[in-house]
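Visitor: In the working numbering, the protein residues as written are 280 to 715.
Heads up, the beta-carbon is just placed ideally off N, CA and C, and yes, glycines get one too.
Here's a structure for you.
Here it is, written out as C-alpha coordinates:
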(Lines of atoms letter the chains of each structure in order from A and count residues from 1; the text may use other names and numbers.)
(Lines give C-alpha, C1' and ligand atoms only; values in the text may rest on other atoms or scores of the structure.)
Protein backbone atom coordinates (compact mmCIF):
# COMPACT_ATOMS: atom_id res chain seq x y z
CA UNK A 1 0.00 0.00 0.00
CA UNK A 2 1.29 3.51 -0.81
CA UNK A 3 2.89 5.99 1.56
CA UNK A 4 1.60 9.49 2.32
CA UNK A 5 2.27 11.81 -0.60
CA UNK A 6 5.17 14.26 -0.03
CA UNK A 7 3.05 17.37 -0.42
CA UNK A 8 0.83 16.26 2.45
CA UNK A 9 3.82 15.87 4.75
CA UNK A 10 5.20 19.20 3.64
CA UNK A 11 1.83 20.92 4.05
CA UNK A 12 1.53 19.33 7.49
CA UNK A 13 4.93 20.70 8.46
CA UNK A 14 3.94 24.09 7.13
CA UNK A 15 0.76 24.02 9.21
CA UNK A 16 2.72 23.19 12.36
CA UNK A 17 5.26 25.92 11.75
CA UNK A 18 2.51 28.36 10.85
CA UNK A 19 0.84 27.68 14.19
CA UNK A 20 4.13 28.18 16.02
CA UNK A 21 4.82 31.49 14.26
CA UNK A 22 1.29 32.73 14.33
CA UNK A 23 0.79 31.94 10.63
CA UNK A 24 2.97 34.79 9.39
CA UNK A 25 6.25 33.08 8.52
CA UNK A 26 5.51 30.12 6.28
CA UNK A 27 2.36 31.12 4.40
CA UNK A 28 4.50 31.80 1.35
CA UNK A 29 6.10 28.38 1.70
CA UNK A 30 2.66 26.74 1.76
CA UNK A 31 1.71 28.57 -1.42
CA UNK A 32 4.92 27.46 -3.11
CA UNK A 33 4.13 23.84 -2.27
CA UNK A 34 0.71 23.82 -3.93
CA UNK A 35 2.16 23.16 -7.37
CA UNK A 36 4.30 20.33 -5.99
CA UNK A 37 1.20 18.93 -4.27
CA UNK A 38 -0.66 18.09 -7.47
CA UNK A 39 2.39 16.58 -9.17
CA UNK A 40 3.47 14.41 -6.24
CA UNK A 41 -0.05 13.27 -5.44
CA UNK A 42 -0.76 12.32 -9.06
CA UNK A 43 2.52 10.43 -9.39
CA UNK A 44 2.10 8.38 -6.24
CA UNK A 45 -1.59 7.74 -6.81
CA UNK A 46 -0.97 6.59 -10.37
CA UNK A 47 1.92 4.36 -9.31
CA UNK A 48 -0.18 2.76 -6.58
CA UNK A 49 -3.12 2.31 -8.95
CA UNK A 50 -0.82 0.64 -11.47
CA UNK A 51 0.58 -1.73 -8.86
CA UNK A 52 -2.90 -2.59 -7.63
CA UNK A 53 -4.07 -3.22 -11.18
CA UNK A 54 -1.08 -5.33 -12.16
CA UNK A 55 -1.33 -7.27 -8.89
CA UNK A 56 -4.99 -7.91 -9.57
CA UNK A 57 -4.19 -8.98 -13.13
CA UNK A 58 -1.53 -11.33 -11.78
CA UNK A 59 -4.04 -12.86 -9.37
CA UNK A 60 -6.56 -13.31 -12.19
CA UNK A 61 -3.88 -14.89 -14.38
CA UNK A 62 -2.80 -17.23 -11.57
CA UNK A 63 -6.43 -18.19 -11.02
CA UNK A 64 -6.70 -18.96 -14.74
CA UNK A 65 -3.58 -21.13 -14.55
CA UNK A 66 -5.01 -23.05 -11.59
CA UNK A 67 -8.36 -23.47 -13.35
CA UNK A 68 -6.64 -24.57 -16.55
CA UNK A 69 -4.52 -27.09 -14.66
CA UNK A 70 -7.68 -28.49 -13.08
CA UNK A 71 -9.23 -28.77 -16.53
CA UNK A 72 -6.15 -30.58 -17.80
CA UNK A 73 -6.30 -33.06 -14.93
CA UNK A 74 -10.03 -33.62 -15.44
CA UNK A 75 -9.61 -34.00 -19.19
CA UNK A 76 -6.75 -36.44 -18.77
CA UNK A 77 -8.83 -38.49 -16.33
CA UNK A 78 -11.69 -38.52 -18.84
CA UNK A 79 -9.28 -39.53 -21.58
CA UNK A 80 -7.93 -42.39 -19.49
CA UNK A 81 -11.47 -43.54 -18.74
CA UNK A 82 -12.40 -43.26 -22.42
CA UNK A 83 -9.33 -45.22 -23.47
CA UNK A 84 -10.16 -47.92 -20.92
CA UNK A 85 -13.69 -48.02 -22.32
CA UNK A 86 -12.30 -48.43 -25.85
CA UNK A 87 -10.05 -51.29 -24.74
CA UNK A 88 -12.96 -52.99 -22.96
CA UNK A 89 -15.22 -52.47 -25.96
CA UNK A 90 -12.63 -53.88 -28.32
CA UNK A 91 -12.21 -56.95 -26.08
CA UNK A 92 -15.97 -57.50 -26.04
CA UNK A 93 -16.08 -56.92 -29.79
CA UNK A 94 -13.44 -59.61 -30.31
CA UNK A 95 -15.41 -61.98 -28.11
CA UNK A 96 -18.62 -61.23 -30.02
CA UNK A 97 -16.79 -61.82 -33.29
CA UNK A 98 -15.63 -65.23 -32.03
CA UNK A 99 -19.14 -66.07 -30.91
CA UNK A 100 -20.49 -65.05 -34.32
CA UNK A 101 -17.87 -67.12 -36.10
CA UNK A 102 -18.74 -70.16 -34.00
CA UNK A 103 -22.45 -69.57 -34.54
CA UNK A 104 -21.89 -69.40 -38.29
CA UNK A 105 -19.95 -72.68 -38.16
CA UNK A 106 -22.70 -74.31 -36.09
CA UNK A 107 -25.30 -73.03 -38.53
CA UNK A 108 -23.36 -74.40 -41.49
CA UNK A 109 -23.06 -77.79 -39.78
CA UNK A 110 -26.76 -77.81 -38.88
CA UNK A 111 -27.70 -76.89 -42.42
CA UNK A 112 -25.43 -79.64 -43.75
CA UNK A 113 -27.02 -82.14 -41.33
CA UNK A 114 -30.45 -81.00 -42.45
CA UNK A 115 -29.49 -81.40 -46.10
CA UNK A 116 -28.07 -84.88 -45.44
CA UNK A 117 -31.22 -85.89 -43.60
CA UNK A 118 -33.35 -84.56 -46.39
CA UNK A 119 -31.30 -86.54 -48.88
CA UNK A 120 -31.71 -89.72 -46.82
CA UNK A 121 -35.46 -89.20 -46.54
CA UNK A 122 -35.67 -88.50 -50.25
CA UNK A 123 -33.66 -91.65 -50.97
CA UNK A 124 -35.88 -93.74 -48.72
CA UNK A 125 -38.96 -92.25 -50.38
CA UNK A 126 -37.52 -93.23 -53.76
CA UNK A 127 -36.75 -96.75 -52.54
CA UNK A 128 -40.27 -97.26 -51.21
CA UNK A 129 -41.73 -95.77 -54.36
CA UNK A 130 -39.70 -98.07 -56.55
CA UNK A 131 -40.76 -101.02 -54.45
CA UNK A 132 -44.41 -100.03 -54.70
CA UNK A 133 -44.14 -99.69 -58.43
CA UNK A 134 -42.57 -103.12 -58.76
CA UNK A 135 -45.39 -104.62 -56.74
CA UNK A 136 -47.95 -103.06 -58.98
CA UNK A 137 -46.12 -103.96 -62.15
CA UNK A 138 -45.50 -107.55 -61.15
CA UNK A 139 -48.92 -108.05 -59.42
CA UNK A 140 -46.96 -109.47 -56.54
CA UNK A 141 -49.86 -109.86 -54.09
CA UNK A 142 -51.97 -111.80 -56.69
CA UNK A 143 -49.03 -113.98 -57.57
CA UNK A 144 -48.56 -114.71 -53.89
CA UNK A 145 -52.22 -115.66 -53.51
CA UNK A 146 -52.13 -117.72 -56.64
CA UNK A 147 -49.05 -119.45 -55.39
CA UNK A 148 -50.83 -120.34 -52.22
CA UNK A 149 -53.92 -121.64 -54.04
CA UNK A 150 -52.05 -123.52 -56.77
CA UNK A 151 -49.47 -125.11 -54.51
CA UNK A 152 -49.19 -128.84 -55.32
CA UNK A 153 -47.40 -129.90 -52.19
CA UNK A 154 -47.03 -128.92 -48.58
CA UNK A 155 -43.34 -128.08 -48.99
CA UNK A 156 -44.00 -125.92 -51.97
CA UNK A 157 -46.75 -124.13 -50.11
CA UNK A 158 -44.49 -123.51 -47.11
CA UNK A 159 -41.80 -122.04 -49.32
CA UNK A 160 -44.24 -119.72 -50.99
CA UNK A 161 -45.60 -118.48 -47.65
CA UNK A 162 -42.05 -117.83 -46.37
CA UNK A 163 -41.18 -115.93 -49.50
CA UNK A 164 -44.37 -113.80 -49.30
CA UNK A 165 -43.71 -113.04 -45.61
CA UNK A 166 -40.18 -111.95 -46.44
CA UNK A 167 -41.48 -109.56 -49.09
CA UNK A 168 -43.99 -108.01 -46.71
CA UNK A 169 -41.43 -107.79 -43.85
CA UNK A 170 -38.95 -106.04 -46.14
CA UNK A 171 -41.63 -103.47 -47.04
CA UNK A 172 -42.34 -102.82 -43.33
CA UNK A 173 -38.63 -102.30 -42.56
CA UNK A 174 -38.37 -99.71 -45.29
CA UNK A 175 -41.37 -97.88 -43.86
CA UNK A 176 -39.92 -97.97 -40.33
CA UNK A 177 -36.59 -96.70 -41.61
CA UNK A 178 -38.44 -93.88 -43.38
CA UNK A 179 -40.09 -92.86 -40.14
CA UNK A 180 -36.72 -92.79 -38.37
CA UNK A 181 -35.16 -90.71 -41.11
CA UNK A 182 -38.08 -88.31 -41.06
CA UNK A 183 -37.73 -87.89 -37.28
CA UNK A 184 -34.02 -87.26 -37.70
CA UNK A 185 -34.77 -84.75 -40.44
CA UNK A 186 -37.23 -82.91 -38.19
CA UNK A 187 -34.59 -82.78 -35.43
CA UNK A 188 -31.98 -81.55 -37.91
CA UNK A 189 -34.37 -78.85 -39.13
CA UNK A 190 -35.05 -77.72 -35.55
CA UNK A 191 -31.32 -77.65 -34.80
CA UNK A 192 -30.74 -75.71 -38.00
CA UNK A 193 -33.44 -73.22 -37.06
CA UNK A 194 -31.97 -72.78 -33.57
CA UNK A 195 -28.51 -72.37 -35.04
CA UNK A 196 -29.92 -69.76 -37.43
CA UNK A 197 -31.53 -67.85 -34.55
CA UNK A 198 -28.32 -68.04 -32.52
CA UNK A 199 -26.27 -66.86 -35.48
CA UNK A 200 -28.69 -63.97 -36.07
CA UNK A 201 -28.48 -62.98 -32.39
CA UNK A 202 -24.69 -63.21 -32.43
CA UNK A 203 -24.54 -61.14 -35.59
CA UNK A 204 -26.81 -58.44 -34.07
CA UNK A 205 -24.76 -58.43 -30.83
CA UNK A 206 -21.57 -58.11 -32.85
CA UNK A 207 -22.99 -55.22 -34.86
CA UNK A 208 -24.17 -53.48 -31.69
CA UNK A 209 -20.76 -53.97 -30.12
CA UNK A 210 -19.08 -52.51 -33.20
CA UNK A 211 -21.28 -49.44 -32.75
CA UNK A 212 -20.45 -49.31 -29.01
CA UNK A 213 -16.76 -49.59 -29.78
CA UNK A 214 -17.02 -46.78 -32.33
CA UNK A 215 -18.85 -44.65 -29.78
CA UNK A 216 -16.10 -45.30 -27.23
CA UNK A 217 -13.46 -44.41 -29.80
CA UNK A 218 -15.32 -41.19 -30.63
CA UNK A 219 -15.48 -40.35 -26.91
CA UNK A 220 -11.76 -41.00 -26.59
CA UNK A 221 -11.08 -38.73 -29.55
CA UNK A 222 -13.17 -35.97 -27.97
CA UNK A 223 -11.33 -36.50 -24.68
CA UNK A 224 -8.00 -36.13 -26.48
CA UNK A 225 -9.27 -32.91 -28.04
CA UNK A 226 -10.37 -31.70 -24.59
CA UNK A 227 -6.94 -32.45 -23.16
CA UNK A 228 -5.26 -30.51 -25.94
CA UNK A 229 -7.66 -27.59 -25.52
CA UNK A 230 -7.04 -27.58 -21.75
CA UNK A 231 -3.28 -27.67 -22.31
CA UNK A 232 -3.56 -24.78 -24.77
CA UNK A 233 -5.62 -22.84 -22.23
CA UNK A 234 -3.09 -23.57 -19.50
CA UNK A 235 -0.23 -22.39 -21.70
CA UNK A 236 -2.13 -19.20 -22.54
CA UNK A 237 -2.89 -18.62 -18.85
CA UNK A 238 0.73 -19.17 -17.89
CA UNK A 239 1.78 -16.69 -20.55
CA UNK A 240 -0.70 -14.14 -19.22
CA UNK A 241 0.52 -14.78 -15.67
CA UNK A 242 4.12 -14.24 -16.73
CA UNK A 243 3.21 -10.96 -18.43
CA UNK A 244 1.22 -9.83 -15.40
CA UNK A 245 4.10 -10.74 -13.10
CA UNK A 246 6.56 -8.79 -15.22
CA UNK A 247 4.25 -5.77 -15.23
CA UNK A 248 3.71 -6.07 -11.47
CA UNK A 249 7.43 -6.30 -10.79
CA UNK A 250 8.13 -3.26 -12.96
CA UNK A 251 5.39 -1.21 -11.33
CA UNK A 252 6.47 -2.35 -7.89
CA UNK A 253 10.02 -1.25 -8.55
CA UNK A 254 8.82 2.14 -9.77
CA UNK A 255 6.53 2.53 -6.76
CA UNK A 256 9.27 1.52 -4.33
CA UNK A 257 11.55 4.11 -5.88
CA UNK A 258 8.79 6.71 -5.61
CA UNK A 259 8.08 5.71 -2.00
CA UNK A 260 11.76 6.01 -1.12
CA UNK A 261 11.82 9.50 -2.58
CA UNK A 262 8.61 10.45 -0.74
CA UNK A 263 9.92 9.09 2.57
CA UNK A 264 13.18 10.99 2.13
CA UNK A 265 11.35 14.22 1.45
CA UNK A 266 9.00 13.65 4.38
CA UNK A 267 11.97 13.06 6.66
CA UNK A 268 13.60 16.25 5.36
CA UNK A 269 10.41 18.23 5.95
CA UNK A 270 10.21 16.86 9.49
CA UNK A 271 13.84 17.77 10.09
CA UNK A 272 13.24 21.34 8.91
CA UNK A 273 10.14 21.57 11.09
CA UNK A 274 12.10 20.34 14.10
CA UNK A 275 14.83 22.94 13.49
CA UNK A 276 12.21 25.65 13.18
CA UNK A 277 10.50 24.46 16.35
CA UNK A 278 13.78 24.55 18.28
CA UNK A 279 14.57 27.96 16.87
CA UNK A 280 11.16 29.22 17.93
CA UNK A 281 11.56 27.75 21.41
CA UNK A 282 14.96 29.46 21.69
CA UNK A 283 13.42 32.73 20.54
CA UNK A 284 10.65 32.44 23.09
CA UNK A 285 13.12 31.53 25.81
CA UNK A 286 15.20 34.58 24.94
CA UNK A 287 12.12 36.80 25.00
CA UNK A 288 11.06 35.34 28.35
CA UNK A 289 14.50 35.95 29.78
CA UNK A 290 14.45 39.49 28.49
CA UNK A 291 10.98 40.09 29.91
CA UNK A 292 12.05 38.61 33.25
CA UNK A 293 15.01 40.89 33.32
CA UNK A 294 12.73 43.83 32.66
CA UNK A 295 10.50 42.78 35.56
CA UNK A 296 7.79 41.42 33.34
CA UNK A 297 5.64 38.49 34.38
CA UNK A 298 6.41 34.97 33.17
CA UNK A 299 4.19 33.05 30.63
CA UNK A 300 3.30 29.38 31.00
CA UNK A 301 4.40 27.21 28.07
CA UNK A 302 1.75 25.56 25.87
CA UNK A 303 1.69 21.77 25.67
CA UNK A 304 0.13 19.41 23.18
CA UNK A 305 -2.35 16.61 24.04
CA UNK A 306 -1.05 13.87 26.29
CA UNK A 307 -1.06 11.12 23.60
CA UNK A 308 -3.18 9.15 21.12
CA UNK A 309 -6.47 7.33 21.72
CA UNK A 310 -8.03 4.39 19.90
CA UNK A 311 -9.82 5.75 16.88
CA UNK A 312 -12.38 2.90 17.09
CA UNK A 313 -12.93 0.05 19.50
CA UNK A 314 -12.68 -3.46 18.07
CA UNK A 315 -10.46 -6.51 17.72
CA UNK A 316 -7.15 -6.25 15.88
CA UNK A 317 -7.58 -8.28 12.70
CA UNK A 318 -4.14 -7.67 11.17
CA UNK A 319 -0.90 -6.21 12.50
CA UNK A 320 1.76 -3.91 11.13
CA UNK A 321 4.50 -5.72 9.19
CA UNK A 322 4.95 -8.32 6.45
CA UNK A 323 2.11 -10.75 5.76
CA UNK A 324 0.38 -12.79 3.06
CA UNK A 325 -1.94 -10.34 1.30
CA UNK A 326 -5.56 -11.50 1.84
CA UNK A 327 -6.60 -10.52 -1.71
CA UNK A 328 -3.55 -10.99 -3.93
CA UNK A 329 -2.03 -13.86 -1.95
CA UNK A 330 1.56 -12.59 -2.14
CA UNK A 331 4.05 -11.66 0.59
CA UNK A 332 3.97 -7.91 1.07
CA UNK A 333 4.30 -5.23 3.75
CA UNK A 334 1.24 -4.13 5.74
CA UNK A 335 1.82 -0.50 6.69
CA UNK A 336 -0.89 -0.08 9.30
CA UNK A 337 -3.04 -1.62 12.01
CA UNK A 338 -6.36 -3.25 11.01
CA UNK A 339 -9.21 -3.01 13.53
CA UNK A 340 -12.36 -5.00 12.87
CA UNK A 341 -15.54 -2.95 13.26
CA UNK A 342 -18.87 -2.66 11.45
CA UNK A 343 -19.42 -0.41 8.44
CA UNK A 344 -20.87 2.98 9.35
CA UNK A 345 -19.21 3.08 12.80
CA UNK A 346 -17.97 6.61 13.64
CA UNK A 347 -14.20 7.14 13.42
CA UNK A 348 -12.65 9.38 16.10
CA UNK A 349 -9.61 11.57 15.77
CA UNK A 350 -6.67 9.91 17.56
CA UNK A 351 -5.50 13.33 18.71
CA UNK A 352 -6.33 16.97 18.09
CA UNK A 353 -5.09 18.40 14.82
CA UNK A 354 -6.02 19.64 11.36
CA UNK A 355 -7.57 17.45 8.63
CA UNK A 356 -5.09 18.00 5.81
CA UNK A 357 -6.62 15.87 3.07
CA UNK A 358 -9.46 13.58 2.02
CA UNK A 359 -9.34 11.56 -1.21
CA UNK A 360 -9.78 8.11 -2.78
CA UNK A 361 -6.40 6.35 -2.81
CA UNK A 362 -6.57 3.21 -4.94
CA UNK A 363 -6.09 0.19 -2.70
CA UNK A 364 -6.65 2.33 0.42
CA UNK A 365 -10.12 3.38 -0.66
CA UNK A 366 -11.37 6.63 0.86
CA UNK A 367 -8.68 8.16 3.10
CA UNK A 368 -8.43 10.97 5.65
CA UNK A 369 -5.23 12.53 7.07
CA UNK A 370 -4.83 14.52 10.29
CA UNK A 371 -1.73 16.58 11.12
CA UNK A 372 -1.45 16.55 14.93
CA UNK A 373 1.67 18.69 15.16
CA UNK A 374 3.86 17.76 18.13
CA UNK A 375 2.48 15.19 20.55
CA UNK A 376 4.71 14.52 23.57
CA UNK A 377 7.66 15.95 21.70
CA UNK A 378 7.15 14.03 18.45
CA UNK A 379 5.67 15.27 15.20
CA UNK A 380 2.70 13.00 14.34
CA UNK A 381 0.41 12.45 11.38
CA UNK A 382 -2.36 9.82 11.30
CA UNK A 383 -4.27 8.31 8.38
CA UNK A 384 -7.68 6.57 8.38
CA UNK A 385 -8.39 4.30 5.41
CA UNK A 386 -11.10 2.21 3.64
CA UNK A 387 -13.71 4.74 4.83
CA UNK A 388 -17.32 4.89 3.70
CA UNK A 389 -17.62 8.65 4.18
CA UNK A 390 -16.34 11.81 5.91
CA UNK A 391 -17.81 13.75 8.85
CA UNK A 392 -15.72 16.92 8.42
CA UNK A 393 -14.14 18.57 5.34
CA UNK A 394 -10.43 18.93 4.68
CA UNK A 395 -8.90 21.92 6.46
CA UNK A 396 -11.04 21.46 9.60
CA UNK A 397 -9.41 21.64 13.03
CA UNK A 398 -10.65 18.68 15.08
CA UNK A 399 -10.28 17.78 18.72
CA UNK A 400 -9.24 14.44 20.13
CA UNK A 401 -12.16 11.97 20.07
CA UNK A 402 -14.21 14.01 17.57
CA UNK A 403 -15.96 12.02 14.83
CA UNK A 404 -14.14 12.66 11.55
CA UNK A 405 -15.31 9.81 9.28
CA UNK A 406 -17.17 6.48 9.11
CA UNK A 407 -15.97 2.87 8.77
CA UNK A 408 -16.24 1.29 5.32
CA UNK A 409 -14.73 -1.37 3.06
CA UNK A 410 -13.58 0.67 0.06
CA UNK A 411 -10.45 -0.04 -2.00
CA UNK A 412 -8.69 -3.39 -1.63
CA UNK A 413 -10.60 -4.63 1.38
CA UNK A 414 -12.03 -7.98 2.46
CA UNK A 415 -14.61 -6.46 4.85
CA UNK A 416 -15.54 -3.53 7.06
CA UNK A 417 -12.57 -2.40 9.14
CA UNK A 418 -10.24 0.50 10.00
CA UNK A 419 -6.75 0.55 8.48
CA UNK A 420 -5.00 2.97 10.87
CA UNK A 421 -1.61 4.45 9.96
CA UNK A 422 0.83 6.63 11.93
CA UNK A 423 3.88 8.72 10.97
CA UNK A 424 6.21 9.85 13.76
CA UNK A 425 8.83 12.46 12.97
CA UNK A 426 8.42 11.83 9.25
CA UNK A 427 8.58 8.01 9.34
CA UNK A 428 5.75 5.50 9.06
CA UNK A 429 5.72 3.37 12.24
CA UNK A 430 3.73 0.64 13.95
CA UNK A 431 0.79 2.45 15.59
CA UNK A 432 0.22 -0.15 18.31
CA UNK A 433 2.98 0.97 20.77
CA UNK A 434 1.61 4.54 20.61
CA UNK A 435 -1.93 3.55 21.59
CA UNK A 436 -3.12 3.18 25.19
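Determine the burial state of residue 756: buried for a count of at least 16 other Cβ atoms within 10 Å of its Cβ, exposed for fewer.
Guide: Outside the displayed range of the chain (280 to 715) lies residue 756, so it cannot be described from this structure.
Visitor: Does DSSP put residue 360 in a helix, in a strand, or in coil?
Guide: Residue state, collapsed to three classes: helix.
Visitor: If I follow the unbroken beta strand (DSSP E) through residue 632, where does it start and stop?
Guide: First-last of the beta strand (DSSP E) with residue 632: 632 to 639.
Visitor: In three-state terms, what does DSSP make of residue 465?
Guide: Residue 465 falls in the helix class under three-state DSSP.
Visitor: Starting from residue 664, trace the beta strand (DSSP E) both ways and give me its first and last residue.
Guide: 657 to 669 is the extent of the beta strand (DSSP E) around residue 664.
Visitor: Could you compute how far the alpha carbon of residue 673 sits from the alpha carbon of residue 653?
Guide: Approximately 20 Å, taken between the alpha carbons.
Visitor: Answer with buried or exposed for residue 699, where buried requires no fewer than 16 other C-beta atoms within 10 angstroms of its C-beta.
Guide: Buried, by the Cβ-count rule.
Visitor: Between the alpha carbons of residue 376 and residue 359, how many angstroms are there, rounded?
Guide: Going by the C-alpha atoms only, they are around 25 Å apart.
Visitor: Is DSSP giving residue 234 helix, strand or coil here?
Guide: Only positions 280 to 715 of the chain appear in this structure, which leaves residue 234 out of reach.
Visitor: Exposed or buried, residue 617, counting other C-beta atoms within 10 Å across all chains shown (16 or more means buried)?
Guide: It counts as buried.
Visitor: Relative to the C-alpha of residue 353, which residue among 451, 404 and 506 is closest?
Guide: Among 451, 404 and 506, the Cα nearest to that of residue 353 is on 506.
Visitor: Could you give the C-beta distance for residue 626 and residue 649, rounded to a whole number, given that I count them as a contact under 8 Å?
Guide: Incorrect: roughly 11 Å between the Cβ atoms, too far for contact.
Visitor: Quick one: Cα of residue 656 to Cα of residue 622, how far?
Guide: Taking the straight line from one Cα to the other gives about 34 Å.
Visitor: With respect to the beta strand (DSSP E) encompassing residue 702, which residues constitute its N-terminal and C-terminal limits?
Guide: It spans 696 to 703 - the beta strand (DSSP E) in which residue 702 sits, taken as one unbroken run.
Visitor: With 8 Å set as the bound, which would you pick, yes or no: does the beta-carbon of residue 662 sit closer than that to a beta-carbon of chain B?
Guide: Although the question refers to chain B, the structure presented lacks it and comprises just one protein chain.
Visitor: In whole angstroms, give me the CA-to-CA distance for residue 662 and residue 515.
Guide: If you take the alpha carbons of residue 662 and residue 515, they lie about 41 Å apart.
Visitor: Skipping 5 residues on each side, what residues in its chain have a beta carbon closer than 7 Å to that of residue 383?
Guide: Correct list, in chain order: 478.
Visitor: Return the residue from the list 526, 521, 639 and 464 that minimises the CA-CA distance to residue 344.
Guide: Out of 526, 521, 639 and 464, 521 has the C-alpha closest to the C-alpha of residue 344.
Visitor: Measure the C-alpha to C-alpha separation of residue 491 and residue 509 and round it to an integer number of angstroms.
Guide: Roughly 27 Å separates the two Cα atoms.
Visitor: May I ask you to report which of helix, strand or coil DSSP gives residue 598?
Guide: Note: residue 598 maps to coil in three-state DSSP.
Visitor: Can you tell me which of the three DSSP states residue 587 falls into?
Guide: Coil at residue 587, not helix or strand.
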